[in-house]
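Worksheet: the structure to be examined is printed underneath.
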Amino acid sequence: MTDVFSCELDQAILNCQQCSRLSDFLQTVKIQYPDYHARPVIAFGDAAPKLLIVGLAPGMHGANRTGRPFTGDFAGILLYQTLHRFGFATRNDSVSADDGLQLVDCRITNAVKCLPPENKPIPQEIRQCNQYLSVEINQFVQNGGIAVLVLGTVAHQAVLMSLQLKAKNYPFGHGAVYAVTSSSGNDLRLYDSYHCSRYNTQTKRLTAEMFSQVFAKIVADIKK
Numbered sequence: 009m010t011d012v013f014s015c016e017l018d019q020a021i022l023n024c025q026q027c028s029r030l031s032d033f034l035q036t037v038k039i040q041y042p043d044y045h046a047r048p049v050i051a052f053g054d055a056a057p058k059l060l061i062v063g064l065a066p067g068m069h070g071a072n073r074t075g076r077p078f079t080g081d082f083a084g085i086l087l088y089q090t091l092h093r094f095g096f097a098t099r100n101d102s103v104s105a106d107d108g109l110q111l112v113d114c115r116i117t118n119a120v121k122c123l124p125p126e127n128k129p130i131p132q133e134i135r136q137c138n139q140y141l142s143v144e145i146n147q148f149v150q151n152g153g154i155a156v157l158v159l160g161t162v163a164h165q166a167v168l169m170s171l172q173l174k175a176k177n178y179p180f181g182h183g184a185v186y187a188v189t190s191s192s193g194n195d196l197r198l199y200d201s202y203h204c205s206r207y208n209t210q211t212k213r214l215t216a217e218m219f220s221q222v223f224a225k226i227v228a229d230i231k232k
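Positions in the sequence shown are counted from 1; adding 8 to them yields this note's numbering.
As structure tokens, then:
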């Protein structure tokens with residue numbers, strides 16, 4: 009898939025208002041925080057990555073503020089530290105969209121592109137936004153992508169939906185790895201991790217060691 013098509017996809021996402029609940033909520037947020045991005049958030053990273061990371065949705069004071077996935081909030085701390093440790097990022101923190109950070113062989117997106125109220129998208133919104141995730145994954149595969157890391161159950165199920173696979177055959181579990189096939193017949197490996205949210209990291213549901221173990225598996229498989 010060409011860079012021109014990628015730009016067209018990004019523009020379609022930025023202009024999307026197909027989910028009225030999310031669109032109305034973003035308008036309210038923009039009034040309250042006029043300096044915030046407060047629009048759908050597009051993917052960030054390498055144009056031809058080996059690893060695609062799929063999160064849930066933009067955070068209120070993170071990606072919704074800065075316009076870049078996992079940038080400027082607590083959820084990005086562990087993620088970017090780990091990406092840097094394993095050579096996927098040029099620095100170990102992500103504070104703004106113009107901080108100079110670059111991803112290497114990695115790209116980050118979300119299952120839902122808009123900030124949802126209370127960080128909880130409804131099933132209809134996840135299905136609606138899946139049209140974009142499906143194109144992103146197809147682009148990822150066509151550009152030689154190998155590994156998809158999902159952060160949390162919603163992202164896991166959204167990726168399976170985009171691949172037209174049944175969730176019951178691929179239950180979510182931290183550390184689980186599945187061999188899956190894309191709609192174009194390409195082989196992929198799907199890696200599960202708990203989301204690197206403030207709640208999960210502070211309660212130790214997800215530790216830095218647990219997260220690193222997932223990335224160690226990914227790196228080992230990519231280098232095969």
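Each residue gets a CB set at the ideal place from its N, CA and C atoms; glycine is no exception.
Classification of residue i by the beta-carbon crowding that lies within 10 angstroms, buried from 16 upward
| i | result |
| --- | --- |
| A166 | buried |
| A51 | buried |
| G193 | exposed |
| N100 | exposed |
| N72 | buried |
| I39 | exposed |
| Y207 | exposed |
| T98 | exposed |
| G84 | buried |
Distance between residue j and residue i (C-alpha atoms, nearest Å)
| i | j | result |
| --- | --- | --- |
| M9 | I230 | No answer about M9 holds up, because its pLDDT of 35 lies below 50 and its placement is not dependable. |
| F33 | N127 | 12 Å |
| D113 | N177 | 29 Å |
| Q136 | M169 | 11 Å |
| A105 | L173 | 34 Å |
| S201 | N118 | 14 Å |
| V103 | L159 | 20 Å |
| T36 | G63 | 24 Å |
| H45 | T79 | 12 Å |
| P179 | R197 | 14 Å |
| C122 | A228 | 33 Å |
| Q139 | R29 | 18 Å |
| I116 | L60 | 6 Å |
| V12 | G152 | Caution applies to V12, whose pLDDT of 47 falls short of 50 and renders its modelled position unreliable; the value that the coordinates give is listed next. Roughly 18 Å between the two C-alpha positions. |
Secondary structure of residue i, DSSP reduced to three states
| i | result |
| --- | --- |
| G84 | helix |
| F94 | coil |
| V37 | helix |
| L123 | coil |
| I21 | helix |
| M9 | Unreliable positioning characterises M9 in this predicted model, as indicated by a pLDDT of 35, which lies under 50. The coordinate reading is nonetheless provided below. If DSSP states are grouped into helix, strand and coil, M9 belongs with coil. |
| T74 | helix |
| L214 | coil |
| A224 | helix |
| C27 | coil |
| I230 | helix |
| F155 | Inspection of the sequence shows that residue 155 is occupied by Ala rather than by Phe. Of the three classes helix, strand and coil, the one that applies to A155 here is strand, per DSSP. |
Limits of the alpha helix (DSSP H) - the one that residue i falls within
| i | result |
| --- | --- |
| Y199 | Careful: Y199 lies outside any alpha helix (DSSP H), inside the beta strand (DSSP E) at 195-201. |
| C137 | 131-150 |
| L168 | 161-170 |
Range of the contiguous beta strand (DSSP E) that encloses residue i
| i | result |
| --- | --- |
| C204 | First-last for C204: undefined, no H or E at that position. |
| V62 | 59-63 |
| A187 | 185-189 |
| R115 | 114-118 |
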